[in-house]
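Student: Under the numbering used here, the residues of the sequence shown are numbered 188 to 444, in order.
Quick one: the structure is below, questions incoming.
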Amino acid sequence: MSDDLHQAAKLLAEASSSMAFTGAGISVDSGIPDFRSDDGLWTKFNPMEYATIDAFLADPEKVWTMIFEMSSLLTSAKPNPGHVGLAELEQAGRLSGVVTQNIDNLHQMGGSRVVVEYHGNARRLVGMRSGKVYDADAPSVIAAFEHRTPPRCEVSGEILKPDFVFFGEAIPAAAAMASMHMASTCGAMLIIGTSAEVYPAAQLPEVARSAGAALIEINRETTRLTPYVDISLRGRAAEIVPALAALVSERQRQSAN
């Protein structure tokens, strides 16, 4: 993999602009299992029963039993070296931003400044009728979590909905537009920890490739994208991304001398 890693660093160092497209795999080393994995959330909660917008509208209290379980996984998670490595690439001017399918807020916690949250963020809650947005650290939300009762809007009294995309909901327009712009204008795309099978997010690598971008995949396993990418790096993002960032930094130092 060493030659491929050096080639990937060369692509990132020389590309006009680069972006990262991340999925659940980058957060596995933070202790968050992929919801679709053998030990993931969907083995305990049928997503068609608990994770659709229709299910939430019909019985939000029932859906909150799943949300409490999900939150216990997310709130204890910390950024891993994969998240930090992407932030370092951004700070070095080699990454224009991150488009993530994750809802865990770990890219921001890891230091990334430009993060497009394709599926929203579990650390925000919203009243669907009132439109009022709450941070997970709001006193009323903290109190509700302590009592294991669904938090309610202080304006409308309705049970709050986590500000992430349920099955059956549309992708937020601003996120869809920003991610499409980044994909269509980047010179290189890092594809990290995603099988890129769930649309419409899965179209982003296709858009980038059609626009002439180099694709660099980092994943523990082969995916449907593997035959089409320029470089495929097999392994943990928490190990590969920091190594890649270090090589890019070394190239920048050498070119400056």
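Glycine included, every Cβ here is placed at the ideal spot set by N, Cα and C.
Predicted, not measured: the structure shown is a model, and the values here were computed from it.
In the DSSP assignment, find the beta strand (DSSP E) that holds residue 353 and state where it starts and stops.
Tutor: One-based indexing of the sequence shown puts residue 353 at position 166. Looking at the DSSP string, residue 353 is not in any beta strand (DSSP E), and its letter there is neither H nor E.
Student: In the DSSP assignment, what residue or residues form a beta bridge with residue 303?
Tutor: To locate residue 303, count along the sequence shown from 1; it is residue 116. Per DSSP, 286.
Student: Using DSSP with H/G/I as helix, E/B as strand and the rest coil, what is residue 265?
Tutor: Start at 1 with the first residue of the sequence shown, and residue 265 comes out as number 78. It is coil, neither helix nor strand.
Student: Quick check on DSSP: helix, strand or coil for residue 428?
Tutor: Locating residue 428 in the sequence shown gives position 241, where the first residue counts as 1. Residue state, collapsed to three classes: helix.
Student: Thinking C-beta only, is residue 383 closer than 9 angstroms to residue 410?
Tutor: Position 223 of the sequence shown, counting from 1, holds the residue named residue 410. Position 196 of the sequence shown, counting from 1, holds the residue named residue 383. Taking 9 angstroms as the Cβ cut-off, residue 410 and residue 383 qualify as a contacting pair.
Student: Grab the span of the beta strand (DSSP E) containing residue 421 for me, first residue to last.
Tutor: In the sequence shown, the residue the question calls residue 421 occupies position 234. Start and end: 418-421.
Student: Can at least three beta-carbon pairs, one atom from the stretch 397-408 and one from the stretch 366-385, be found at a separation below 8 angstroms?
Tutor: With a cut-off of 8 angstroms, the stretch 366-385 and the stretch 397-408 count as touching, because enough Cβ pairs lie within range.
Student: For the putative contact between residue 281 and residue 435, defined by C-beta atoms under 8 angstroms, what is the C-beta separation to the nearest angstrom?
Tutor: Start at 1 with the first residue of the sequence shown, and residue 281 comes out as number 94. Start at 1 with the first residue of the sequence shown, and residue 435 comes out as number 248. At roughly 5 angstroms, the Cβ-Cβ gap stays under 8 angstroms, so residue 281 and residue 435 are in contact.
Student: How would you write the range of the alpha helix (DSSP H) that residue 195 sits in, first residue to last?
Tutor: As a position in the sequence shown, residue 195 is number 8, starting the count at 1. From DSSP, the alpha helix (DSSP H) with residue 195 extends over 189-201.
Student: With 16 as the cutoff for other CB atoms within 10 Å, does residue 422 come out buried or exposed?
Tutor: For the purposes of this step, residue 422 is taken as the residue at position 235 of the sequence shown. So residue 422 counts as exposed.
Student: Anyone know if the C-beta pair for residue 289 and residue 224 falls short of 9 angstroms?
Tutor: Counting from 1 along the sequence shown, the entry for residue 289 is found at position 102. Counting from 1 along the sequence shown, the entry for residue 224 is found at position 37. Not closer than 9 angstroms, so no.
Student: Is there at least one Cβ from chain B nearer than 9 angstroms to residue 252's Cβ?
Tutor: Looking for chain B here will not work: only one protein chain is present.
Student: If you reduce the DSSP assignment to three classes, tell me which class residue 216 lands in.
Tutor: One-based indexing of the sequence shown puts residue 216 at position 29. If DSSP states are grouped into helix, strand and coil, residue 216 belongs with the helices.
Student: Using a Cβ-Cβ cut-off of 7 angstroms (strictly less than) and excluding sequence neighbours within five positions of residue 254, which residues of its own chain qualify?
Tutor: Within the sequence shown, numbered from 1, the residue matching residue 254 stands at position 67. Once the five neighbours on either side are set aside, the close Cβ partners of residue 254 are 349.
Student: Assuming the contact rule is C-beta atoms closer than 8 angstroms, residue 195 and residue 420 should be a hit. Round their C-beta distance to whole Å, please.
Tutor: Locating residue 195 in the sequence shown gives position 8, counting from the first residue. Locating residue 420 in the sequence shown gives position 233, counting from the first residue. About 6 angstroms separates the two Cβ atoms, so the contact holds.
Student: Distance, Cα to Cα, residue 414 vs residue 404?
Tutor: Stepping through the sequence shown from its first residue, residue 414 is reached at position 227. Stepping through the sequence shown from its first residue, residue 404 is reached at position 217. Answer to the nearest angstrom: the Cα atoms are 10 angstroms apart.
Student: Using the C-alpha atoms, what's the distance from residue 287 back to residue 258?
Tutor: Along the sequence shown, read from residue 1 onward, the residue named residue 258 stands at position 71. Along the sequence shown, read from residue 1 onward, the residue named residue 287 stands at position 100. Those two C-alpha atoms are separated by around 18 angstroms.
Student: Within its chain, find whatever has a CB closer than 6 angstroms to the CB of residue 292; leave out the 5 residues flanking it on each side and keep chain order.
Tutor: Residue numbering aside, residue 292 sits at position 105 when the sequence shown is read from its first letter. Around residue 292: 308, 310.
Student: Count the other C-beta atoms from every protein chain shown that fall within 10 angstroms of the C-beta of residue 230, then say buried if there are 16 or more, exposed otherwise.
Tutor: The sequence position of residue 230 within the sequence shown is 43, counting from 1. Residue 230 comes out exposed.
Student: Rounded to whole angstroms, what's the CA-CA distance from residue 210 to residue 323? Just pull it up for me.
Tutor: Reading the sequence shown from its first residue, position 23 is the one you call residue 210. Reading the sequence shown from its first residue, position 136 is the one you call residue 323. Taking the straight line joining both Cα atoms gives about 22 angstroms.
Student: Taking contact to mean 3 or more Cβ pairs, one atom from each stretch, closer than 8 angstroms, check whether the stretch 235-252 and the stretch 338-357 are in contact.
Tutor: Touching, yes.
Student: Leaving aside the five residues before and after residue 305 along the sequence, list all residues of the same chain whose C-beta is less than 7 angstroms from its C-beta, in chain order.
Tutor: Along the sequence shown, read from residue 1 onward, the residue named residue 305 stands at position 118. 286, 287, 288, 358, 362, 366, 388.
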